[in-house]
Amino acid sequence: GEPFVMKNKHMSLKFDGKGNWEKLTDLHSKKSINVTNDIVYYNGMPGNCSKGEFQPSGAYIFRPNGTSPQKWTGPSSAMSIVGPLVDEVHMEFSPWATQVTRQYKDEPYVEVEWTVGPIPVQDKLGKEVVVRFETGLNTDTYFYTDANGREILRRVRDYRETWDLNQTEPVAGNYYPVNSRIFLRDEGTGMQFTVMTDRSQGGASIHDGEVELMVHRRLLYDDCKGVGEPMNETGADQQGLIIRGKMYLHLGQTLDTAKFHRDFGLKKYMAPIPAFSETNMKYQEYS
Amino acid sequence: INIQVLKEAMGVAQHHDAVSGTEKQQVAYDYALRLANGRNECQKVMNDAMRKLLPKEKEGPAAMEMKYCDLLNISACTLTEQNKEFVMIVYNPLGRTVKHWVRLPVIGSAYSVLDPSGNTVETQMVPLTKRTTVIPERKGHIATSELVFQVQIPALGFSTYMVKMTQGKKKLTKSSNIRGFV
Chain A
44 GEPFVMKNKH MSLKFDGKGN WEKLTDLHSK KSINVTNDIV YYNGMPGNCS
94 KGEFQPSGAY IFRPNGTSPQ KWTGPSSAMS IVGPLVDEVH MEFSPWATQV
144 TRQYKDEPYV EVEWTVGPIP VQDKLGKEVV VRFETGLNTD TYFYTDANGR
194 EILRRVRDYR ETWDLNQTEP VAGNYYPVNS RIFLRDEGTG MQFTVMTDRS
244 QGGASIHDGE VELMVHRRLL YDDCKGVGEP MNETGADQQG LIIRGKMYLH
294 LGQTLDTAKF HRDFGLKKYM APIPAFSETN MKYQEYS
Chain B
3 INIQVLKEAM GVAQHHDAVS GTEKQQVAYD YALRLANGRN ECQKVMNDAM
53 RKLLPKEKEG PAAMEMKYCD LLNISACTLT EQNKEFVMIV YNPLGRTVKH
103 WVRLPVIGSA YSVLDPSGNT VETQMVPLTK RTTVIPERKG HIATSELVFQ
153 VQIPALGFST YMVKMTQGKK KLTKSSNIRG FV
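Chain order of the listed sequences is A and B.
All letters in the first sequence, in the order written, are residues 44 to 330 by our numbering.
All letters in the second sequence, in the order written, are residues 3 to 184 by our numbering.
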């Protein structure tokens with residue numbers, strides 16, 4: 044029931060007594076932002092496109108049914124673990140959506156390990172699950188993605204640079220490819236909130252100061268784009284897949300942040316490879 | 003010749019946008035099989051290369067076969083779970099020294115870890131989350147905690163760490179429930 048602070052020499056993250064994120068601070072500039080985090084989901088649009096009905100959400104098409112995601116009321120349980128090398132907060136948003144927030148000693152990022160699935164579909168609704176961060180940054184409709192895996196591109200909500208957009212899909216129409224990073228900038232405070240991913244995902248900033256990344260989908264209708272079956276992988280036990288991945292968050296000053304994400308992105312892309320072997324030798328014998 | 007298997011699997015996968023869900027399920031299984039076969043072949047190549055770097059067989063460790071744990075992300079690794087002593091070799095594909103956090107699934111309550119110079123490495127035990135233990139792909143794996151420590155690896159090289167279960171007191175960490183499940 045007490046507030047909890049996860050902190051190293053670079054960043055601190057404050058949790059409220061219920062396990063919700065509250066405030067993220069860059070300890071170099073001493074600047075803080077309000078931040079919340081949760082796992083939410085959109086119900087996929089149903090429809091039978093082969094009979095000329097609505098375009099359903101499917102493998103090629105992301106089309107949520109509605110503009111607001113479904114959410115739980117916050118983590119139903121949370122547990123903190125404090126140690127000399129790593130601090131963790133284990134959060135459970137629902138029985139099938141959980142997360143570990145983690146901070147290693149001396150590392151300039153906060154790690155989020157999400158585990159989602161099996162997505163329940165007994166209610167006959169397909170679901171598309173996103174991890175969401177809401178910050179107090181004033182972003183004025185702008186956000187940035189690495190899009191093609193090379194240069195960073197500035198995205199503007201409900202806007203295209205080269206034609207007049209008639210936005211008919213307020214959520215899906217603002218989703219962009221994220222190969223390794225998406226970030227928000229507040230020109231007024233000079234702060235940047237960066238999310239690095241461990242895989243290519245879809246990402247968006249549907250509201251100013253917000254970032255969301257899609258992590259898992261389970262859908263019940265074919266989208267008529269050629270696959271011929273719904274994207275509904277059940278896995279070996281026929282219950283649906285459980286997917287796990289990581290995101291790495293950094294808060295810093297815009298002028299300094301590229302130094303972090305360029306270097307860190309390379310480290311994650313070419314991560315060390317461990318291999319193991321049995322032994323009963325002593326160190327002296329082995330060496 | 004051996005790495006050609008993965009090169010071809012990747013070629014097929016990238017050409018067809020595999021692993022994105024835009025294929026029939028049977029085809030997705032085939033893509034996964036091709037990638038897994040390619041990965042296995044590459045691990046054999048890594049093993050051969052490692053043997054050349056290690057001392058000659060009669061002198062010791064070169065006879066050891068290195069095993070790769072592809073399911074470390076869900077805390078599953080038969081070798082670290084079933085052995086009280088093991089060696090970990092970490093290869094760094096980058097052209098500069100890196101530090102890297104390792105999390106090894108284990109069943110013991112305390113371990114000692116020695117770095118390449120024989121110095122003791124600081125470690126921490128972290129219990130697995132309840133969710134981790136019910137992931138179907140972990141069936142048969144028995145780890146209850148992860149052994150966490152940091153390794154340092156030279157550019158385009160490898161570091162060797164020796165891990166041994168000890169009788170020491172459980173070196174776990176302070177944990178507390180923020181709010182009970184309702």
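Even glycine gets a Cβ: it sits at the ideal position worked out from N, Cα and C.
Residue i, DSSP secondary structure in three states
| i | result |
| --- | --- |
| I225(A) | strand |
| V199(A) | strand |
| Y85(A) | strand |
| R145(A) | strand |
| Y218(A) | coil |
| V270(A) | coil |
| Y152(A) | coil |
| P95(B) | coil |
| E328(A) | helix |
| G288(A) | strand |
| F105(A) | coil |
| P138(B) | helix |
| G160(A) | coil |
| Q98(A) | coil |
| Q235(A) | strand |
| T131(B) | coil |
| Y312(A) | helix |
| I76(B) | helix |
| A121(A) | strand |
| N49(B) | helix |
| H71(A) | coil |
| H133(A) | strand |
| M90(B) | strand |
| G252(A) | coil |
| K78(A) | Looking at the sequence shown, residue 78(A) is not Lys but Val. Residue state, collapsed to three classes: strand. |
| M167(B) | strand |
| N321(A) | Note that residue 321(A) corresponds to Glu in the displayed sequence, not to Asn. If DSSP states are grouped into helix, strand and coil, E321(A) belongs with the strands. |
Near the ligand PLP: residue i beta-carbon under 7 Å from a heavy atom
| i | result |
| --- | --- |
| G231(A) | In terms of ligand content, the structure shown is empty, and the ligand PLP therefore cannot be addressed. |
Contact belief for residue i with residue j at Cβ below 8 Å, rounded distance in angstroms
| i | j | result |
| --- | --- | --- |
| M49(A) | D149(A) | Contact flag wrong, Cβ pair sits at about 13 Å. |
| L298(A) | V155(A) | Wrong, their Cβ atoms sit about 25 Å apart, outside the cutoff. |
| S147(B) | L158(B) | Their Cβ separation, rounded to whole angstroms, is 33 Å, which puts S147(B) and L158(B) out of contact at 8 Å. |
| P99(A) | D201(A) | Contact flag wrong, Cβ pair sits at about 23 Å. |
| V150(B) | L128(A) | 6 Å |
| Q296(A) | G216(A) | So it is not a contact: roughly 32 Å between Cβ atoms. |
| A145(B) | V108(B) | 6 Å |
| Y85(A) | G120(B) | Rounded, the Cβ-Cβ distance is 54 Å, inconsistent with contact. |
Which listed residue (the options) has its alpha carbon closest to that of residue i
| i | options | result |
| --- | --- | --- |
| H134(B) | I286(A), F307(A) and A314(A) | What sits at residue 134(B) in the sequence shown is Thr, not His. The shortest C-alpha separation from T134(B) is found at I286(A). |
| N94(B) | M12(B), Q6(B), D19(B) and T162(B) | T162(B) |
| K52(A) | M313(A), Y152(A), K94(A) and C92(A) | Y152(A) |
| G245(A) | S22(B), V136(B) and D117(B) | S22(B) |
| I91(B) | P156(B), S77(B) and L73(B) | P156(B) |
| A301(A) | F226(A), E321(A), F176(A) and T205(A) | F226(A) |
| Q142(A) | V199(A), V83(A), E253(A) and T182(A) | V83(A) |
| W103(B) | Q126(B), P118(B), Q152(B) and M164(B) | Q152(B) |
| K114(A) | P89(A), A102(A) and K170(A) | K170(A) |
| W139(A) | K132(B), E87(B), N121(B) and G40(B) | K132(B) |
| G110(B) | Q169(B), N49(B) and M12(B) | Q169(B) |
| F136(A) | V159(A), N86(A) and L56(A) | V159(A) |
| G278(A) | K268(A), R261(A) and L294(A) | R261(A) |
| M164(B) | P138(B), R140(B), V115(B) and Q126(B) | V115(B) |
| E204(A) | Y185(A), N191(A) and P213(A) | Y185(A) |
| G117(A) | P161(A), G308(A), M134(A) and I316(A) | M134(A) |
| E25(B) | F307(A), L256(A), I162(A) and E276(A) | E276(A) |
| V136(B) | M257(A), L284(A) and W64(A) | L284(A) |
| D117(B) | R36(B), K101(B) and V128(B) | K101(B) |
Cβ of residue i within 8 Å of any chain E Cβ
| i | result |
| --- | --- |
| P127(A) | In the structure shown, chain E cannot be found, because the protein chains are A and B. |
When you compare the segment 53-73 of chain A with the segment 239-250 of chain A, are there three or more beta-carbon pairs, one atom per stretch, that lie closer than 8 Å? no
Could you list the residues in the segment 76-103 of chain B with a C-beta less than 8 Å from some C-beta on chain A, going in chain order? I76, C79, L81, T82, N85, E87, F88, V89, M90, I91, V92, Y93, N94, P95, L96, V100, H102 and W103
When Cβ atoms are compared, which residues of the segment 118-134 of chain B fall closer than 9 Å to chain A? Those residues of the segment 118-134 of chain B placed with their C-beta closer than 9 Å to a C-beta in chain A are P118, S119, G120, E124, T125, Q126, M127, V128, P129, T131, K132, R133 and T134, ordered along the chain.
Per the contact definition of three or more C-beta pairs closer than 8 Å, is the segment 10-18 of chain B in contact with the segment 85-100 of chain A? Proximity of the segment 85-100 of chain A to the segment 10-18 of chain B falls short of the contact definition, fewer than three beta-carbon pairs being nearer than 8 Å.
Three or more C-beta pairs under 8 Å: does that hold for the segment 173-192 of chain A against the segment 75-88 of chain A? Result yes; three or more Cβ-Cβ pairs closer than 8 Å.
Within 8 Å of chain B by C-beta, residues of the segment 294-319 of chain A in sequence order: L309, K310, M313, A314, P315, I316, P317, A318 and F319
Looking at chain A, which residues of the segment 19-32 of chain B have a Cβ within less than 8 Å of any of its Cβ atoms? S22, G23, T24, E25, K26, Q27 and A30
Got a sec: which bits of the segment 241-255 of chain A sit with their beta carbon under 8 Å from any beta carbon on chain B, in order along the chain? none
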